[in-house]
Amino acid sequence: MSRSPAKKTQKLKHRACMACEQPLPDDHVQKMCMTCMRSVVGEDQARQSECFVDWFKNMMSQTFEEMRQATMSAEDVNRDDLIVIDQVSGESESGEISSSPSTSKEMKESIYLFSPDKIQKLIKAVNRVMEDQKKKKKQETSKDTLLFFSQQSEDTFPVNSIIKDLMQAEWKDPSKRADISKRFKQMFALHKQEISTWENPPAVDIPIARMSRRTTIPVEETSGLKDPMDRRADTALRRSYGAAAELSKPSIAAVSVSRTLKYWLNNLAEDIDSGVSRDDLLDAFKYITLAADFLCDTAVESVKLSARLMALSSVGRRALWMKAWKADLSSKNSLCSMGFEPGKLFGSKLDALIESLQGGKSKTLPQDRPRALKRNFFRYRSRSRSPRSKRPRLPFRNREFFRGSRRTRTTESGRDNKQRAKTKDTSSKKWEF
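For the sequence shown, the numbering used here assigns the number 328 to the initial residue and increments by one for each residue that follows.
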């Protein structure tokens, strides 16, 4: 049987792909099938990735050539390992490495990746990069200026004025405890079980606490100390311990992030050489940028906590030296709370205070003189100084006792007078002729 013309016209309505001439679905909008479209897009991406790789290689070679030379070590480091094992071996004058049994015992595990011999090269490269960035951004005042410091010397790392201002801000109130913000806790979050043993200052042992003060309940805090300046010093030392514990958190986090950053950079260099697509390289750059920003913020927080630690330790030393000053407690506390200045324990504010109090006549602090004890005019007998409980009590109600005592006293006094008169008479008779 022959086919009807209606069915033939229905088949002619189907469209075909322009590249492979394969039939397309009725709901397909494009003129090419999905397979052909993917092949065309893949060729375009390959061309773009090749152009990007060429451009990136030129840029990396021009900008980071000296930095890579400074950080390259003499031996190849395994990129997958995060801990490098250094073998300590002796070298002779001719340069030959001795392989004695003693050298094998000196092998030890090292956590350091950077060789101190390369520090001068790194410093020069860092100063050169920062000097170039400073010339380009002289007129700009943005947050990025914190990263580019002024070049001071070719042999030392530069110190930025913004970093100095951060430290000065921490030194204005030296007795204050470290300010731990919510952002700090979010950035440097560590497992609670790992840090619970050393996060808080250690408590005083009960036998030691009982030695300083006898209490019914065991005392473990500063209330066991008797002297106020001792309590002030103990408080400052406790706060300095807390600042040191908080300082360790960004350092611990920076170790993991910096090692991971090195691993990513090594993989990025391999991907560039192997011709990885541009999208994959851009994804890798996102994580590298995040790690670099994290390390920058970590360094700033570490500087602030270090300055706070210096201030708190100085407050503890001030309290110890204030014990010898004979003054009231509020005056001692005010001197301990003065702003910290590097170089001296109390600084120039103490000199200004002495100048205002003494008027330039003396260079020492005024002290409270002890009050003289007032003595009564009459001198009491030793019997009156004895406590009342030890004095002999007399029977006041028995009048005969007093009468009898008076009689005995009078008779005794009369006998004494007669005896004296007799001695006078005998002495006068002896000298008569």
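Don't be surprised by glycine CBs; every beta carbon is placed ideally from N, CA and C.
query	result
Burial state of Phe475 (16 or more Cβ within 10 Å)	Reliability fails at Phe475, whose pLDDT of 44 lies under 50, so the model's placement of it is uncertain and the value that follows must be treated cautiously. Buried, since its Cβ has 16 or more Cβ neighbours within 10 Å.
Helix, strand or coil at Pro350 [DSSP, three-state]	strand
Cut-off 6 Å between Cβ atoms - residues of its own chain near Glu628, not counting five sequence neighbours on either side	Pro577
Endpoints, alpha helix (DSSP H) assigned at Arg559	Pro555 to Ser601
Given Ala611 as reference, the closest of Met665, Cys623 and Leu595 once Cα atoms are compared	Leu595
Ala634, DSSP secondary structure in three states	helix
Thr625 classed as buried or exposed, judged by whether at least 16 other C-beta atoms fall within 10 angstroms	buried
Test item: CB-CB of Leu639 and Ser567 under 8 Å	yes
Separation of Asp600 from Met494, as counted between CA atoms	44 Å
Contact under 8 Å by Cβ, Ala563 with Gly643	yes
Distance, Lys653 Cα to Leu692 Cα	10 Å
Reduced DSSP secondary structure (H/G/I, E/B, other) of Thr336	At Thr336, the pLDDT of 47 sits below 50, so the modelled position is not reliable; the number obtained from the coordinates is stated separately. Thr336 falls in the helix class under three-state DSSP.
Sufficient close CB pairs (3 or more, under 8 Å) joining the segment 526 to 539 to the segment 669 to 683	no
Between the CA atoms of Ala572 and Glu497 - distance to the nearest angstrom	17 Å
Spatially closest choice to Trp525 from Ser604, Arg565 and Arg342, by CA coordinates	Arg565
Simplified DSSP state of Ala530, which is helix, strand or coil	coil
Ala651 (DSSP reduced to helix, strand or coil)	coil
Lys345 classed as buried or exposed, judged by whether at least 16 other C-beta atoms fall within 10 angstroms	A quick correction: the sequence has Met, not Lys, at residue 345. Label assigned to Met345: exposed.
Buried versus exposed, by CB contacts within 10 Å (16 or more), Met649	buried
Touching by the beta-carbon criterion (3+ pairs, under 8 Å), the segment 584 to 595 and the segment 516 to 525	no
Integer-rounded CB distance, given that Leu517 should sit under 8 Å from Ile579	7 Å
Lys519 versus Lys512 - alpha carbon distance	12 Å
First through last residue of the alpha helix (DSSP H) which encompasses Gln685	Ser675 to Gln685
Distance, Ser502 Cα to Tyr614 Cα	40 Å
Run of the alpha helix (DSSP H) containing Glu521, from where it starts to where it stops	Lys519 to Ile522
Short Cβ contact (8 Å threshold) for Pro350 with Ala343	yes
CA nearest to the CA of Leu319, picked from Met359, Ser658 and Gly666	Missing from the structure shown is residue 319; the chain here goes from 328 to 760 and no further.
Assigned secondary structure, Ala516 (DSSP; H/G/I helix, E/B strand, else coil)	coil
Residue burial classification, Lys499 (beta-carbon count within 10 angstroms, cutoff 16)	exposed
Alpha carbon of Glu597 to alpha carbon of Asp492, nearest angstrom	42 Å
Exposed unless 16 or more other CB atoms sit within 10 angstroms - verdict on Ala651	exposed
Distance CB(Ala619)-CB(Thr587) smaller than 8 Å	no
Burial state of Cys347, where buried means 16 or more other Cβ atoms lie within 10 Å	exposed
Under the three-state DSSP convention, the category Ala619 falls into	helix
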